[in-house]
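Under the working numbering, the residues of the sequence shown are numbered 19 to 309, in order.
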Amino acid sequence: MEKIGIIVDSGCDVPQDIIKKYNNIEVVPLRTIINNKEYDEGTFSEEFLFEHLDEKITTSLPKPENVKLAIENMIEKGYNKIITLNISKNLSGTYNLFKMISEGIMKENEEIEIANIDTLNISIGSALIVHKTAQYVEEGKSFNEIINLIQRDIENATVFYVVPTLKYLARGGRIGKVSAMLGQIMNIKPIISVNDEGIYYTVSKIRGFNKSVEALYNEVLKYIGNNKFIAGVVISGNGEKVKKMQEILISKLKSFSNSIDVFKGKVSSTLSVHTGPDLIGIGVLKLSNGG
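Here is the structure:
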């Protein structure tokens, strides 16, 4: 009999209410290195991160032993089929790490089957795929059927977000320093998304935060069209302005008749390191046949 478990990395930003709803999701933490000291995602506060944001700070893959432990824990609980879901391999080496460790475990355990899936997405865009995967398991769909459905969902999911400052993207080499400096001078707040290959690209460059958020919302509406959808709105930091915008966007998206579910969440520290506080993002997954 198939018993299916799901393992994800913390960069997928799966909201807590999704993790609480299903008992078969395990999250492996990515790492943040602050002034040469290493921290797993979830072991430090967002306030602590932002206090040190202008110091020596980088992000890193999960510890290999944590990935191995997560899979072994699933097997111990009786899961003989495991689906791993990761942020885009074109943005992180996490998928390749999960795949390598999974292959080693499958060689030692012939009765265990692990499917490693690259969501070609990040943050809440990946989280919505995780949510649908858990739903398919709950509905009793087979392992192979679920893998096919996930591939379809990946093609129908995206994420858009507004970055309040370009300096952290420039520091991480995501954009050139000259572009960042010009952007800061001109008050440019770009809307960033991921393409079909899971690589960042700039959707538009708009002056002023409020106008950018409005354009972000319009991009989401354009993407959804008349399809039924699930969505998630995430932020970084606890600024009153961004928290209020998050609530407004959630209530707007919920008001549509083709809206099935809208989640609220925070972005992981590993994403916040590259964006800073006050990011706002919307992930959306278009649904086939209303499901």
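Just so it is clear, CB atoms sit at the ideal spot from N, CA and C, and this is done for glycine as well.
* Would you call the stretch 299-307 and the stretch 235-252 touching, i.e. three or more CB-CB distances under 8 Å? -> Touching, yes, given that three or more Cβ pairs across the two stretches are closer than 8 Å.
* Can you give the Cα-Cα distance for glycine 158 and alanine 133, rounded to whole angstroms? -> To locate residue 158, count along the sequence shown from 1; it is residue 140. To locate residue 133, count along the sequence shown from 1; it is residue 115. Rounded to the nearest whole angstrom, the CA to CA distance from glycine 158 to alanine 133 is 17 Å.
* For asparagine 139, count neighbouring Cβ atoms within 10 angstroms of its own Cβ and tell me buried if that reaches 16, exposed if not. => Counting from 1 along the sequence shown, the entry for residue 139 is found at position 121. Buried, since its Cβ has 16 or more Cβ neighbours within 10 Å.
* **At least 3 beta-carbon pairs within less than 8 Å: the stretch 117-124 vs the stretch 144-153** => no
* Do the stretch 280-296 and the stretch 231-238 make contact, defined as three or more Cβ pairs closer than 8 Å? -> no
* Residues that DSSP places opposite glycine 250 in a beta bridge -> Translated into the one-based positions of the sequence shown, residue 250 becomes position 232. For glycine 250, which the question treats as bridged, DSSP gives the partners Phe281 and Gly301.
* To do: Would you please state the rounded distance, in angstroms, between the beta carbons of leucine 297 and valine 221? I believe it to be under 8 Å.
  => Translated into positions along the sequence shown, residue 297 becomes position 279. Translated into positions along the sequence shown, residue 221 becomes position 203. The Cβ separation is near 15 Å, so there is no contact.
* Who are alanine 133's beta bridge partners in DSSP? -> Position 115 of the sequence shown holds residue 133. Answer is Ile101, bridged to alanine 133.
* Asked: What do you reckon, is the C-beta of glutamine 264 under 7 Å from a heavy atom of the ligand PLP?
  -> Looking at this structure, you won't find the ligand PLP or any other ligand, since it has none at all.
* **DSSP state of alanine 198 mapped onto helix, strand, coil** => Working through the sequence shown from its first residue, we reach residue 198 at position 180. Bear in mind that the predicted position of alanine 198 carries a pLDDT of just 45, short of 50, making it unreliable; the figure below should be weighed with that in mind. Alanine 198 sits in a helix when the DSSP states are folded into three classes.
* To do: State whether the stretch 159-179 contacts the stretch 99-114, with contact taken as three or more CB pairs (one from each stretch) at a distance under 8 Å.
  => The stretch 99-114 and the stretch 159-179 touch, with three or more beta-carbon pairs separated by less than 8 Å.
* Asked: Does the distance from the C-beta atom of isoleucine 52 to that of histidine 70 stay below 8 Å?
  -> Walking along the sequence shown from the start, residue 52 turns up at place 34. Walking along the sequence shown from the start, residue 70 turns up at place 52. One thing to note: isoleucine 52 has its Cβ within 8 Å of the Cβ of histidine 70.
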